[in-house]
Amino acid sequence: MVRIRTVDLTKRFGEVMAVDHVTLEIRDGEFFTLLGPSGCGKTTFLRCIAGLELPDEGKVYFDDQDMTEVPPHKRDTGMVFQNYALWPHMNVFDNIAYGLKIRGYRKDEIRRRVLEVLKLVKLEGLEKRTPHQLSGGQQQRVALARAIVINPKVLLFDEPLSNLDAKLRIEMRAELKKLQRELGVTTIYVTHDQEEAMSISDRIAIMNQGRVMQIGTPQEIYKHPQNEFVARFIGQGTFLHGEVIAEDAGRLRVKIPSIGKEILAVPSHPESPPSVGDRVLVMIRPESFELNPETPDSNEFEVEVYHVSFLGNAQRVQARDGGEPFIIEVDPEVPVAVGRKIRVYAAPELTLAIKL
């Protein structure tokens, strides 16, 4: 296992700042995900860690060793690419064995390790097939086996599941996490899929325009976004712009001009709370609403329903109050009709204010 640090890591392509002075630390044995929209710099950052891109500024450290200019083949990393990058003319065994052969391993040791890893990724008996004889999921496993057979200190994944169908993606991400936990290898994973990142990561770095917007566990990022980009990018929610007009014992009273109400909220980022007079974005997650509250409160809303989606374990209701869109989850057995008005309530502790 190895701890990875970057200090002011910067990479430009012409006038485009792909990675903008990123400083972060990835812990020993951690499953760390870089999540963000296309073009946000996450793959370029990964390639700098792998040595496939040389940064314009900054440093990359494995533990305390400066790896910034060390060539890729000397970094002791295994990488799985989006398109798998398998040799089409080689069978499964030879694809997996390639890294061991160029490192000079004996034939008997190569065979032992390849068969061992084939069992680990559940491809026993397929070693003589070529890539075109495999399904997408099997090709992905071959690429994974090739990366781990060399016993790397670091595993790097660049959108490895994006070419698989939805059902197989769900199965494979659970297997990837299980395998990583068994190997205990430090892992950096790149994806634009929020659900994928939330389901497999120990911690996530949200990136946008080459910068890291927030780092935290999936729970921290979902429940306590530190800025508007993270709040809107992760999950769904109701978002209202307002101004803090009072503060009392950690609760903020926020005036929402668009719906003509004052509501109570708590700071989403308690270490840097908004002050009286600050503009804020108020966020309420769909599951934070209660339907038909018994006691009126400042956080009660009467909304008109314009769409209802059945999700199995819940109904997702889209509604409006004063033109503002609301997204509300309710019990699937509760009758909710398009065109009707419903009353909902969000507890102040679940109503988050993000400083703008």
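When you read off a place in the sequence shown, starting at 1, and then add 751, the result is the number in this note's numbering.
Glycine residues also receive a C-beta, built at the ideal position from the N, C-alpha and C atoms.
All values derive from a computational prediction rather than experimental measurement.
Query, Result
"Quick check on D727: does DSSP put it in helix, strand or coil?", "Since the first residue shown for the chain is 752 and the last is 1107, residue 727 is missing from the structure and cannot be characterised."
"Taking one C-beta from the stretch 776 to 792 and one from the stretch 837 to 845 each time, how about it: are there three or more such pairs within less than 8 Å?", "no"
"Whether or not the stretch 977 to 995 and the stretch 1015 to 1025 are in contact is what I'm after, with contact meaning three or more pairs of Cβ atoms, one per stretch, closer than 8 Å; do they touch?", "yes"
"Across which residues does DSSP place I957 in a beta bridge pair?", "L786, Q965"
"Do the CB positions of R924 and E947 come within less than 8 Å of each other?", "yes"
"When DSSP labels each residue in this structure, what does G986 get in the three-state scheme?", "coil"
"Excluding the five sequence neighbours on either side, which residues of its own chain have a C-beta within less than 7 Å of the C-beta of R1091, listed in chain order?", "V1056"
"In chain order, what residues of the same chain have a beta carbon less than 6 Å from the beta carbon of H1020, not counting five sequence neighbours either side?", "Q977"
"Does any CB atom of chain C fall closer than 8 Å to the CB of I955?", "Going by chain labels, chain C is absent from the structure shown, which holds only one protein chain."
"In angstroms, rounded to a whole number, what distance separates the CA positions of S913 and Q891?", "10 Å"
"Short check: CB of V1068 to CB of I1079, under 8 Å?", "yes"
"So L1032 is in the beta strand (DSSP E); what residue range does that whole segment cover?", "1030 to 1035"
"Taking all protein chains shown into account, do 16 or more other C-beta atoms lie within 10 angstroms of the C-beta of L874, making it buried, or fewer, making it exposed?", "buried"
"For my contact list, V1033 and I1007 are in at a C-beta cut-off of 8 Å; report their separation, rounded to the angstrom.", "7 Å"
"Could you tell me the distance, in whole angstroms, from the CA atom of R954 to the CA atom of L1062?", "28 Å"
"Taking 8 Å as the cut-off, decide whether the C-beta atoms of T761 and E808 are in contact.", "yes"
"Counting beta carbon pairs with one atom in the stretch 881 to 897 and one in the stretch 845 to 862, are three or more of them shorter than 8 Å?", "yes"
"Which partner residues of P1076 appear in the DSSP bridge assignment?", "R1071"
"Where does P1086 land, buried or exposed, given buried means 16+ other C-beta within 10 angstroms?", "exposed"
"Classify T774 as helix, strand or coil using the three-state DSSP reduction.", "strand"
"Please state if the CB of I1035 and the CB of A1097 are separated by a distance shorter than 8 Å.", "yes"
"To the nearest angstrom, how far is the alpha carbon of R932 from that of E926?", "10 Å"
"Taking the straight line between their C-alpha atoms, what separation do you get for R763 and N959?", "15 Å"
"How long is the line joining the alpha carbons of C791 and K858, rounded to whole angstroms?", "43 Å"
"List, from N- to C-terminal side, the alpha helix (DSSP H) runs of 4 residues or more that fit wholly inside the stretch 809 to 877.", "843 to 853, 858 to 871"
"From which residue to which residue does the alpha helix (DSSP H) around E933 run?", "917 to 934"
"Report yes if the C-beta distance between H943 and S789 is below 8 Å; otherwise report no.", "yes"
"Tell me whether G961 is buried or exposed, calling it buried when 16 or more other Cβ atoms sit within 10 Å of its Cβ.", "buried"
"Per DSSP, which residues does T937 bridge with? Please list them.", "V905"
"Check K762 in the structure and name its three-state DSSP category.", "strand"
"How about V1005 and L1107: are their beta carbons less than 8 Å apart?", "no"
"Counting C-beta neighbours from all protein chains within 10 Å, is the total for P1025 16 or more, i.e. buried, or is it exposed?", "buried"
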